[in-house]
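Okay, structure first, notes after.
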Amino acid sequence: MNKLLLLLLISSSLSISAKAQRGTYDFLLGVEAAFPTGDFNSYKTGVGGWVQGLLGVGESGQVSFTTGYNTFTFKTPPANEKIKTSIIPLLIGYKYNWSVFYAHPQAGLGLYRFKTKVDNGGTSTTTKSSDSGFTLGLGAGVKVSRLDLGLRYQAGFPGGGTISYFGINAGYSLVKR
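Under mature numbering (1 follows the signal peptide of the UniProt record, and there is no 0), the letters of the sequence shown match residues -20 to -1, 1 to 157, in that order.
Written as structure tokens, this is what we have:
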């Protein structure tokens, strides 16, 4: 899976460099509130941040690379336990722009970290594990001046399970050319 992702990144970079003269490029920073769905709805609303690079490949499209960090805590863990899940997505996508509106499908790799801390009175025990899996995202939003407001759905498939959420995000464009 990692070799496939690396090959996809390299081939995307080569095709992008050939078309870099057209379109616009951008670099955004943002925050996100994430609402767990499906099997993952036993977690509270997550929070996180993201960075996104965009490279124009035509009059209305941009190839994107997005990464970030979201963290979620379990709603009702067993007594004396704290359960937390963190997600780092590494996604490549295509942002199609219509005036101020856009659609943004993405795919890539998600890195998932699971942590359980058990408080045994005066001592505590922490168990950590991690996994990775194919991850998909689909977003839509509006971009006004340097402000980017969006909604998105993300689903990841680590270890045979599904971790999914709806996100509301806001970003700010640092560079736009």
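Glycine included, each C-beta is placed from N, C-alpha and C at the ideal position.
Since residue i is in the beta strand (DSSP E), which residue starts that stretch and which ends it?
i: F81; result: F81 to N100
i: S112; result: T103 to V124
i: N77; result: E61 to W78
i: V27; result: G26 to G36
Could you tell me if residue i is buried or exposed, where buried requires 16 or more neighbouring beta carbons within 10 angstroms of its beta carbon?
i: F146; result: exposed
i: D6; result: buried
i: G140; result: exposed
i: R132; result: buried
i: P138; result: buried
i: Q1; result: Its pLDDT being 45, under 50, Q1 is placed unreliably in this model, and the value from its coordinates should be taken loosely. Looking at its Cβ environment, which holds fewer than 16 other Cβ atoms inside 10 Å, Q1 is exposed.
i: K156; result: exposed
i: L154; result: exposed
i: L127; result: exposed
For a quick check, are the C-beta atoms of residue i and residue j less than 9 Å apart?
i: K62; j: T17; result: no
i: T115; j: A87; result: yes
i: A150; j: L118; result: no
i: G28; j: I67; result: yes
i: I143; j: T56; result: no
i: L91; j: P69; result: yes
i: L8; j: V31; result: yes
Between residue i and residue j, which are expected to be in contact by the criterion C-beta below 8 Å, what is the C-beta distance as a whole number of angstroms?
i: S44; j: Y74; result: 7 Å
i: K123; j: Y82; result: 6 Å
Quick one: what does DSSP say residue i is sitting in, helix, strand or coil?
i: P58; result: coil
i: G139; result: helix
i: G48; result: strand
i: G18; result: helix
i: S153; result: strand
i: V11; result: strand
i: T53; result: strand
i: G3; result: coil
i: S144; result: strand
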